[in-house]
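Novice: Numbers given in the working numbering equal positions in the sequence shown, counted from 1, plus 19. Backbone N, C-alpha and C define an ideal beta-carbon position, used for all residues, glycine too. Below are the structure tokens for one structure; questions will follow.
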Amino acid sequence: MLKVCMLDQITIRVPATSANLGPGFDCLGVALNCYNLVCITRQGTSAPHTMVDEAAATFFHAAGVSPFQFSWTITGDIPRSRGLGSSVAVRLGVLHALNALYGELLDANTLYRLCVQLEGHPDNAAPAAFGGFTVARPDATYFRCDVSPSLHFIVLLPTEEIETDVSRGRLPREISHADAVWNTAHASLLTAAFVSQQYELLRGTMRDHLHEPYRLAVNPYLRAAVEAGVSAGALGGYLSGSGSAIACVSLKNPEAVATAMRAVAPDAKTLILHADNTGITVIN
20 MLKVCMLDQI
30 TIRVPATSAN
40 LGPGFDCLGV
50 ALNCYNLVCI
60 TRQGTSAPHT
70 MVDEAAATFF
80 HAAGVSPFQF
90 SWTITGDIPR
100 SRGLGSSVAV
110 RLGVLHALNA
120 LYGELLDANT
130 LYRLCVQLEG
140 HPDNAAPAAF
150 GGFTVARPDA
160 TYFRCDVSPS
170 LHFIVLLPTE
180 EIETDVSRGR
190 LPREISHADA
200 VWNTAHASLL
210 TAAFVSQQYE
220 LLRGTMRDHL
230 HEPYRLAVNP
240 YLRAAVEAGV
250 SAGALGGYLS
260 GSGSAIACVS
270 LKNPEAVATA
280 MRAVAPDAKT
290 LILHADNTGI
300 TVIN
């Protein structure tokens, strides 16, 4: 029998996500304790929104239920188009909200896979859905583990917004064998560091040869900000997603790292964050 929940409104909390982590292009990600709230109400309508409308249509089709009109609001602290998973927060939030209103017709893994279909980026969808550090394949198969609160993520937020499709357009179609080997080794060691929580192994491991060098033109603060952060005590740093956010990870003195990074881009803001090990959450 079809389960139908009588709730008229639901609010979903979705964490920010930071993908790639340097060498883990399109496969590694982490959820951060910076959030958006997606609220859906059965009554009323809202202005058309491509991501919201596509996510809703995908849910109704997958769940085999009749669409209904609803209104929505999205609020919170995840900056738009900065490489911190703002688009995943919309899509995954809408999928989970509608699912909650219908009495949890679909399980979390199904909703995650629907989000990957919409988003095309499991490295963002997996940590948003399940929290912690994740490794995800293009087919949405994933692994996750918790991240210790001892690890700080210091995020520099330049004022520039960067669209993912524009940034991806700068990537080469082919790479050298040497660059592939470099990234495989570094991504493997980075994964081992997170799984074992031996975070000192991250020192020197977050360097990348596959995407960051080609995105420097639209992320001019990247190298200087990472170098400044490492000089101030960070273990390493990387371009978060496509940018413009730049993140450093540190076990100590996060305020000093933030100050050093901000000196590179005086108009930018910094956030000192930790990993979110819970993932997407129903608030009410």
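(1) Taking the straight line between their C-alpha atoms, what separation do you get for Trp201 and Thr224?
(2) Suppose you measure from the CA of Arg156 to the CA of His140; what does that come to, to the nearest Å?
(3) Quick check for students: name the residue ranges of the beta strand (DSSP E) that lie wholly in the region 145-208, counting only runs of 3 or more.
(4) Ignore the nearest five residues each way along the sequence and tell me which others in Glu138's own chain have a CB closer than 7 Å to its CB.
(5) Distance check for Ile31 and Ala119, CA to CA, integer angstroms please.
(6) Could you tell me if Thr36 is buried or exposed, where buried requires 16 or more neighbouring beta carbons within 10 angstroms of its beta carbon?
(7) Run the CB neighbour count on Ala244, radius 10 Å, all protein chains shown included, and call it buried at 16 or more, exposed below.
(8) In angstroms with no decimal places, state the Cα-to-Cα distance between Met20 and Ile29.
(9) Using the beta-carbon count (16 or more within 10 Å), is Lys22 buried or exposed?
(10) For Asn55, which residues does DSSP report across the bridge?
(11) In the DSSP assignment, find the unbroken beta strand (DSSP E) run with Thr289 in it and report its ends.
(12) At what residue ranges does the region 72-129 contain a whole run of the alpha helix (DSSP H), taking only runs of 4 or more?
(13) Can you tell me which of the three DSSP states Arg222 falls into?
(14) Apart from the five residues on each side of it in sequence, which residues of its chain come closer than 6 Å, Cβ to Cβ, to Tyr233?
(15) Enumerate in chain order the residues of its own chain whose CB-to-CB distance from Gly43 is below 6 Å, with the five nearest sequence positions on each side excluded.
(16) With DSSP collapsed to three states, give me the class of Ser250.
(17) Indicate whether Ala66 and Leu124 have their beta-carbon atoms separated by less than 8 Å.
(18) DSSP beta-bridge partners for Tyr257?
(19) By the DSSP assignment, the alpha helix (DSSP H) with Pro42 in it spans what residues?
Specialist: Taking the definition as stated:
(1) 10 Å
(2) Going from the Cα of Arg156 to the Cα of His140 covers about 9 Å.
(3) 152-155, 161-164, 171-176
(4) Ser106, Val107, Arg110, Ala144
(5) 9 Å
(6) buried
(7) buried
(8) Interpretation of Met20 is limited by its pLDDT of 37, a score under 50 that renders its predicted location unreliable; the figure taken from the coordinates is listed afterwards. Met20 and Ile29: Cα-Cα distance of roughly 23 Å.
(9) For Lys22, the pLDDT reaches just 47, beneath the cut-off of 50, and the residue's location in the model is therefore unreliable, although a value from the coordinates is still provided. For Lys22, the number of other beta carbons within 10 angstroms of its own is below 16, and it is reported as exposed.
(10) Val33, Gly95
(11) 288-292
(12) 105-120
(13) coil
(14) Closer than 6 Å at the Cβ level, and outside the excluded window around Tyr233, lie Arg189, Leu190.
(15) Taking C-beta separations shorter than 6 Å and ignoring five residues to either side along the sequence, the partners of Gly43 in its chain run Ala206, following chain order.
(16) helix
(17) no
(18) Answer is Ala266, bridged to Tyr257.
(19) Careful: Pro42 lies outside any alpha helix (DSSP H) and carries neither H nor E.
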